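Using the numbering used here, read the sequence shown as starting at 7 and increasing by one per residue. We treat Cβ as the ideally placed atom computed from N, Cα and C, and that holds for glycine. Keep in mind the model is a prediction, meaning the values are calculated, not measured. Note sheet for the following structure.
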Amino acid sequence: MAKIHVPVPPLPVQEEIVRILDSFSSLEAELEAELEAELEARRKQYAYYRNELLTFERVVTVCIQDICIRICSGGTPSSKRHDYYDGNVPWLRTQDIDFNVINQTSATISDEGLRNSAAQWIPANCVIVAMYGATAAKVAVNSIPLTTNQACCNLQIDETKADVRYVFHWLSNEYEHLKALGEGSQSNINAKKVKSYPISLPPLEEQRRIVSILDRFDKLTNDLSSGLPAEIEARRKQYEYYRDRLLSFDELAV
């Protein structure tokens, strides 16, 4: 069995190295906890203001279907036909929906798959509601034209009546209520429930004012959320660098 050479500095040096590395580990854990707490605080603040801004005393209430030009679902090509998949047609599934903007999809289908299924194109700037599965009642807005599977309820908004982002924020705020209308272990909903769901509709100018505020809050929260892993990774690399330096005794001896 090969022998492994382990440098053994004097005990006082070992203890000092342990103290420094433990200090780095503790600081890293504290930073991660602080960043997570800050992110959670921003999420709660965002949810609070969204709820306040979307609570009205005297505005018209209509059904979702009343503000739509078109409401449709999609379809899934046969999984037995490999040539129906991995084409150039973006195809949205509900696992991609998470109160977000969809600028690409995790799956694609071919033109042949599109022709031989119920999948159909929808234009950019639709509000898409997940109807089945773990993401049921979550919503997204697509920034690109795409197709969807049958678990998506796609709302093409009449922009003379409602702002697309306003509808997105409204349904995001109503997530728990809409999900509560679902059935089964995963709280599945259907297109009928989405179509008949009520929405308070202030004048377009007021809708846009609300959207402007909520979009700013949304950006602040998302910026912190996306920056969190990078900040933690940077601290981890810093820790590894100093650990390697402290444990490179030949370098220290020079």
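Beta-carbon spacing of residue i, residue j below 9 Å
i, j, result
"Ser123", "Ser84", "yes"
"Ser193", "Ala143", "yes"
"Gln213", "Cys74", "no"
"Tyr90", "Ile70", "no"
"Val65", "Pro204", "no"
"Thr154", "Asn160", "yes"
"Ser140", "Thr100", "Reading the sequence as shown, one finds Ala at residue 140 and not Ser. Their beta carbons are under 9 Å apart, which means Ala140 touches Thr100 by this criterion."
"Tyr247", "Ile26", "no"
"Phe223", "Arg48", "yes"
"Ile195", "Tyr138", "yes"
"Val147", "Arg121", "no"
"Ala197", "Ile77", "yes"
Span of the beta strand (DSSP E) around residue i
i, result
"Ile77", "74-78"
"Gln162", "158-163"
"Lys146", "Looking at the sequence shown, residue 146 is not Lys but Ala. Here the beta strand (DSSP E) through Ala146 covers 145-148."
"Asn109", "Taken as a continuous stretch (DSSP letters only), Asn109 belongs to no beta strand (DSSP E), as it is neither H nor E."
"Ala113", "113-115"
"Val200", "Val200 -> not in any beta strand (DSSP E); alpha helix (DSSP H) instead, spanning 197-201."
"Asp92", "91-98"
"Ala136", "133-136"
"Thr154", "152-154"
Per-residue burial, residue i [other beta carbons within 10 Å of its own, 16 or more giving buried]
i, result
"Ala136", "buried"
"Gly1", "Not covered by the structure: residue 1. The range shown for the chain is 7 to 260."
"Ala240", "exposed"
"Tyr261", "Here the chain has residues from 7 to 260 only, and residue 261 is not among them."
"Asp102", "buried"
"Ala259", "The pLDDT assigned to Ala259 is 44, lower than 50, so where the model puts this residue is not dependable, and the model offers no usable value."
Rounded distance between the beta-carbons of residue j and residue i, thought under 8 Å
i, j, result
"Gln156", "Gly80", "6 Å"
"Phe105", "Val145", "6 Å"
"Asp59", "Leu220", "With the sequence shown as reference, residue 59 is identified as Leu, and Asp is not the correct amino acid for it. 7 Å between Cβ atoms; contact."
"Val107", "Ser149", "5 Å"
"Arg242", "Glu34", "7 Å"
Distance cut-off 8 Å: residue i Cβ against heavy atoms of the ligand GTP
i, result
"Arg241", "This structure lacks the ligand GTP, and indeed carries no ligand of any kind."
Alpha-carbon to alpha-carbon, residue j and residue i
i, j, result
"Tyr181", "Pro96", "26 Å"
"Lys201", "Ile134", "12 Å"
"Thr227", "Tyr52", "8 Å"
"Ile238", "Ile23", "22 Å"
"Leu184", "Phe174", "13 Å"
"Pro129", "Leu252", "58 Å"
"Leu152", "Thr82", "13 Å"
"Gln110", "Pro18", "56 Å"
"Leu98", "Asp28", "46 Å"
"Lys50", "Glu38", "18 Å"
"Gly188", "Lys199", "9 Å"
"Pro13", "Glu46", "44 Å"
"Ser254", "Ala236", "27 Å"
"Trp176", "Leu41", "28 Å"
"Phe30", "Ala113", "42 Å"
"Glu264", "Glu36", "No statement about residue 264 is possible, as the shown extent of the chain runs from 7 to 260 and does not include it."
"Arg56", "Cys132", "21 Å"
Span of the alpha helix (DSSP H) around residue i
i, result
"Val68", "No alpha helix (DSSP H) contains Val68, which is instead part of the beta strand (DSSP E) from 66-69."
"Ser206", "First-last for Ser206: 204-207, but that is the beta strand (DSSP E), not the alpha helix (DSSP H)."
"Pro18", "17-59"
"Asn179", "170-179"
Cβ of residue i within 9 Å of any chain D Cβ
i, result
"Val107", "Included in the structure is just one protein chain, with no chain D present."
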